[in-house]
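For reference, the structure discussed in these notes is given below.
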Amino acid sequence: MEANAWYVLKTKPKQEVRAVQNLENQGFEGYCPQLVVEKIRRGSRKKVVEPMFPGYVFVHPDNLIEQFYKLRSTYGIASVVRFGDNIPQIPDSFIQQLKNLDNHEEDQAPSIGDEVEIKTGPFKGFLAKVVKLDGESRCFVMLEWMQKEITAHFSYNDLSI
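Numbered per full-length UniProt numbering, the sequence shown spans residues 1 to 161.
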């Protein structure tokens, strides 16, 4: 078994955070990568933090063979992920890459009046002003092109604030 290896644990439904807390209470290094997603709840848009891999967490034990049963019987954990007798190892470098991606500050949706830069398409690099929001992921912007002000329709992903 590799010293810097991580292992995958299957959690009980919706108990990823609880499982990581219980692992850390026992002295293990646990990790549950999370994402910030926008969901519509009761007619309004809200940002919600959700697990990147629902139902799974990562653990970095000192010695998996000695601590296998302790891991498996932790509150919130259903089992250690394995394929027959083989328990797959996750390299530490992969977990570090996930931790670098795991930020809770996702791109903000623009508001009316915001100055934005267009990132793609024929207007790439142009500065524009948001004039109207159109649904969950699109907006109208006003930009100057050929000495005229024009209105264009863009996805939030095509704009940077």
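Every residue gets a Cβ at the ideal spot worked out from N, C-alpha and C, and that includes glycine.
Tell me the rounded alpha-carbon separation between residue i and residue j.
i	j	result
MET146	ILE161	23 Å
GLN34	PHE53	8 Å
PHE140	GLU38	20 Å
GLY84	LEU101	31 Å
PHE58	LYS47	24 Å
ILE95	MET142	42 Å
ASP92	GLU16	20 Å
ASP114	THR151	14 Å
VAL81	GLY121	44 Å
residue 224	HIS153	Because the chain is modelled from 1 through 161, residue 224 falls outside the range shown and cannot be assessed.
TRP6	ARG18	19 Å
THR11	ARG72	10 Å
ARG45	GLN89	39 Å
LEU9	LYS99	17 Å
ILE87	CYS32	19 Å
LYS70	ASN4	19 Å
LYS148	GLN97	45 Å
ARG42	PHE126	36 Å
ASN63	ILE40	44 Å
Please work out which residues of its chain come closer than 8 Å, Cβ to Cβ, to residue i, disregarding the five sequence neighbours upstream and downstream, and give them in chain order.
i	result
PRO13	GLY55
GLN67	PHE28, PRO61
Can you tell me where the beta strand (DSSP E) holding residue i begins and where it ends?
i	result
GLN15	Careful: GLN15 lies outside any beta strand (DSSP E) and carries neither H nor E.
PRO51	44–51
PHE58	56–60
residue 176	Nothing in the structure corresponds to residue 176, since the chain is present only between 1 and 161.
ILE40	34–41
Here's a check: name, in chain order, each residue in its chain whose Cβ is nearer than 7 Å to the Cβ of residue i, leaving out the five neighbours to either side.
i	result
LYS124	ILE118
PRO110	VAL116, VAL130, CYS139, TYR156, LEU159, ILE161
LEU133	ILE112, CYS139
GLU50	GLN34, LEU35, VAL37
GLU144	none
ALA128	VAL116, ILE118, VAL141, MET142, LEU143
Using C-beta distances below 6 Å, list every residue in its chain close to residue i, excluding the 5 sequence neighbours before and after it, in chain order.
i	result
ILE65	none
Only counting runs of 3 or more residues, tell me where the beta strand (DSSP E) segments fall wholly within the stretch 73–159, in order along the chain.
77–80, 115–118, 127–134, 138–145, 148–155
Taking 8 Å as the cut-off, does the stretch 66–80 touch the stretch 15–26 (at least 3 CB pairs, one atom from each stretch)?
yes
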